[in-house]
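Chemist:
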Amino acid sequence: ASQRLMAEGYGFAGEGDWKTAALVRTMKVMGAGLKGGNSFMEDYTYHFDPTDPQVLGSHMLEICPTIATGKPKVEIHPLGIGGKADPVRLVFNAAAGPAINVSVIDLGNRFRIIVNEVEAVAPKYELPKLPVARVLWKPLPDMKTACTGWILAGGAHHTCYSQNLTHEHIQDFAEIANVEFVLIGKDTNLYQLKNELRWNEWSFQGIKKY
Numbered sequence: 477a478s479q480r481l482m483a484e485g486y487g488f489a490g491e492g493d494w495k496t497a498a499l500v501r502t503m504k505v506m507g508a509g510l511k512g513g514n515s516f517m518e519d520y521t522y523h524f525d526p527t528d529p530q531v532l533g534s535h536m537l538e539i540c541p542t543i544a545t546g547k548p549k550v551e552i553h554p555l556g557i558g559g560k561a562d563p564v565r566l567v568f569n570a571a572a573g574p575a576i577n578v579s580v581i582d583l584g585n586r587f588r589i590i591v592n593e594v595e596a597v598a599p600k601y602e603l604p605k606l607p608v609a610r611v612l613w614k615p616l617p618d619m620k621t622a623c624t625g626w627i628l629a630g631g632a633h634h635t636c637y638s639q640n641l642t643h644e645h646i647q648d649f650a651e652i653a654n655v656e657f658v659l660i661g662k663d664t665n666l667y668q669l670k671n672e673l674r675w676n677e678w679s680f681q682g683i684k685k686y
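So the sequence shown is numbered by the working numbering: it starts at 477 and just counts up by one.
Here it is in structure tokens:
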């Protein structure tokens, strides 16, 4: 149900995450009419190949089919939680190409929107033991820098994954809404990012005197 609701444009996020649900709806409206889709997403697991590290994104049965490549398959498989009948789900791989992951977090005195530019890739192998919708991507500028930057910025484990929006769209939205914006992308270096986070704190909260 959540997959079809998102395909119709509804905002959705699992586990009571209202901020990401609102973000998914907002980004679906922003991307209306553009090629590609937007979906609730989570870093499901990491592939720490030293030469080609990647992230596997998914969220059980809750990924929007608007990001699929090819026709999704309808499958029924057991689910080890919930105590219900085996659930039906749409199973597919997401299309390869540039994308962004966007997180919105509550810092108490303000919200912060964090964007990580990524490059989605086609899976090299079949995934018969992972019967869910999924996407493989390489975070920019690289796995170590992107993950470190995400942690420093306070990025959440839930995101909205977008194929048809860029960081410029999200930056414009943040400026219109007067919300802090942080970008982790191809040109990010951690020294500069740490300074940016400090400057943002002073800008929104004022310089404290110690």
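Backbone N, C-alpha and C define an ideal beta-carbon position, used for all residues, glycine too.
What whole-angstrom Cβ distance do Ala575 and Val597 have, given they're in contact under 8 Å?
Modeler: About 11 Å separates the two Cβ atoms, so there is no contact after all.
Chemist: Are Pro604 and Lys662 touching if we call contact CB-CB under 8 Å?
Modeler: Contact flag unset, no.
Chemist: To which residues of the same chain is Ala622 closer than 6 Å at the C-beta, ignoring the five residues directly before and after it?
Modeler: Taken in chain order, the residues that qualify are Asn592, Pro615, Ile660.
Chemist: Where DSSP assigns a beta bridge to Gly533, which residues make up the other side?
Modeler: Gly533 pairs with Asp519, Val611.
Chemist: For my contact list, Gly625 and Arg588 are in at a C-beta cut-off of 8 Å; report their separation, rounded to the angstrom.
Modeler: Not a contact, Cβ separation roughly 13 Å.
Chemist: Could you name the residues of the same chain whose beta carbon sits closer than 6 Å to that of Thr496, not counting the 5 residues immediately before and after it, in chain order?
Modeler: Answer for Thr496: Ala489, His634, listed in chain order.
Chemist: Applying the criterion that 16 or more other CB atoms from any shown protein chain within 10 Å of the CB defines a buried residue, is Asn671 buried or exposed?
Modeler: The residue in question, Asn671, is exposed, as its Cβ has fewer than 16 Cβ neighbours within 10 Å.
Chemist: Could you give the distance in angstroms between the alpha-carbon of Ser534 and the alpha-carbon of Asn676?
Modeler: Spanning the two alpha carbons is a distance of roughly 31 Å.
Chemist: Check whether the region 505-522 touches the region 635-642, taking contact to mean three or more Cβ pairs, one atom from each stretch, closer than 8 Å.
Modeler: Taking 8 Å as the limit for Cβ pairs, the verdict is that the region 635-642 does touch the region 505-522.
Chemist: Please state if the CB of Val500 and the CB of Met482 are separated by a distance shorter than 8 Å.
Modeler: It is a contact, given that the beta carbons lie within the stated cut-off.
Chemist: According to DSSP, what are the bridge partners of Glu551?
Modeler: Paired residue(s): Arg565.
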